[in-house]
Amino acid sequence: MSDQLKGALYGLLIGDALGVPYEFKPPAEIPPSPEIEYTPPPHFPRSHPSVQPGTWSDDGSQALCLLESLLARGELNLIDFSQRLQNWYFEGHLAVDKNVFDVGIQTREAIIKLSKNFFPGESGRADEHANGNGSLMRCLPLALWHRGTDAVLVEDAHQQSIITHAHPRAQACCALYCLWARRILQSDTDPWQSATATLRLLYQNRPDFTYELEDHIRPESPPICEGTGYVVDCLHSARIACRQDSFEAVVKRAIAFGNDTDTTACVAGGIAGLRFGFSQIPARFIQNLRGQSLFAPLLTQLLTP
Ligand SMILES: [Mg+2]
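So for the sequence shown, our numbering puts the first residue at 2; every next one is plus one.
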């Protein structure tokens, strides 16, 4: 279990860091798999050129803020989590070199509202066009930390989303992702299908969430995977990437979709880390990940029974 939990946290941070130089590129411009590394091939016009290779971005920092909040409070406390997100955005808390870069539009708007004393339930946009992947990319620590029932895990996944992404579609994607991770931890033979079945049951009396699950997320539909910032596309792209048979192949497949490469690889990398464990993550990805002292105490606390 601890190898899986450690693998998940490293996996999401490594996926994020590996995807950073390739962000916003169309799939045709992504280098072939053997050349996808923290340092792109020579002459590749890397995104975020001032950021050193092996640096996680907003995805990793926000996930660490959530983990830190859960460990500090022993529950999901939206006020506490919101404060840590503000500390990240304004002061670089849990960002490598305190350098905040690559912030999503919805998240930026919400954090600025929070800083003006909006309540966490009022800060996130809830319109249909506000379904970016910004709450999905940070929610895995919930599944790693949680000891509650599936129903409580789902509710907490919703709640952590609404701070920045309040539409039920984004909330439901976070819930499905957390249940998927939990089923992997439980060694379920078909974790995605089992997570979907559970979510259907839990949404039985919630038509708005059922509508989002069946008509938009469509868990069994052959997805169009483009690795974009749309929350549903991100989740499906990560799911398809996770069909690869090693950690390295998963995160590289996620990046090969192009577009929002760091987030797709973060979402997929967390799951791949859970599935294969820390011991199966290539050593060079671990050794060259920057900022490890920032999260080492959090990881120790997470792994302490
Ligand atoms: Mg990012």
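Each residue gets a CB set at the ideal place from its N, CA and C atoms; glycine is no exception. These numbers come from a predicted model, not from an experiment.
Residues bridged to residue i [DSSP beta-bridge criterion]
i	result
Gly133	Tyr231
His166	Arg126
Beta-carbon proximity check, residue i vs residue j, cutoff 8 angstroms
i	j	result
Tyr90	Cys140	no
Asn100	His94	no
Pro308	Pro28	Residue 308 is absent from the structure shown; the chain starts at 2 and stops at 306.
Met138	Val268	yes
Gly16	Tyr39	no
Leu275	Ala9	yes
Leu6	Leu303	yes
Arg170	Ile113	no
Gln107	Arg291	no
Pro223	Thr197	no
Leu115	Ser83	yes
Lys117	Gly259	no
Presumed contact (8 angstroms Cβ cut-off) between residue i and residue j, rounded CB distance
i	j	result
Ala176	Val153	That belief does not hold up - the Cβ atoms of Ala176 and Val153 are roughly 11 angstroms apart, past 8 angstroms.
Glu213	Ala158	With a Cβ gap of about 13 angstroms, Glu213 and Ala158 do not count as contacting.
Asp261	Thr211	Rounded, the Cβ-Cβ distance is 27 angstroms, inconsistent with contact.
Glu110	Arg126	7 angstroms
Cys243	Thr265	No, Cys243 and Thr265 are not in contact; Cβ-Cβ is about 11 angstroms, not under 8 angstroms.
Asp4	Gly278	4 angstroms
Pro142	Leu19	Wrong, their Cβ atoms sit about 19 angstroms apart, outside the cutoff.
Ile37	Ile256	5 angstroms
Ser247	Gln281	7 angstroms
beta-carbon residue i near ligand 1 non-hydrogen atom, thresh 7 angstroms
i	result
Ser58	yes
Thr264	yes
Asp103	yes
Asp17	yes
Own chain partners of residue i with C-beta closer than 6 angstroms, once the 5 adjacent residues on each side are dropped
i	result
Ala144	Cys179, Ala182, Arg183
Gly318	This structure cannot settle anything about residue 318, because the visible part of the chain is limited to 2 through 306.
Gly61	Leu14, Asp17
Asn289	Tyr39, Gly55
Cut-off 7 angstroms between Cβ atoms - residues of its own chain near residue i, not counting five sequence neighbours on either side
i	result
Gln129	In the sequence on display, residue 129 carries Glu and not Gln. So the qualifying residues of the chain are His168.
Ile1	Here the chain covers residues 2 to 306 and nothing more, so residue 1 does not appear.
Thr199	Asp151, Leu180
Glu249	Pro283
Arg240	Trp193
Gln245	Val251, Arg254
Leu79	Pro121, Gln160, Ile164
Leu299	Leu65, Leu68, Glu69, Leu72
Phe45	Pro32
Neighbourhood of residue i by C-beta, 8 angstroms cutoff - its chain only, sequence neighbours within 5 removed
i	result
His49	Val21, Pro22, Glu24, Ser58, Phe102, Asp103
Tyr231	Asn132, Gly133, Asn134
Asp216	none
Arg74	Asp81
Contact test: residue i Cβ vs ligand 2 heavy atom, cutoff 7 angstroms
i	result
Leu200	Annotation note on ligand 2: not contained in the displayed structure, which lists ligand 1 as its ligands.
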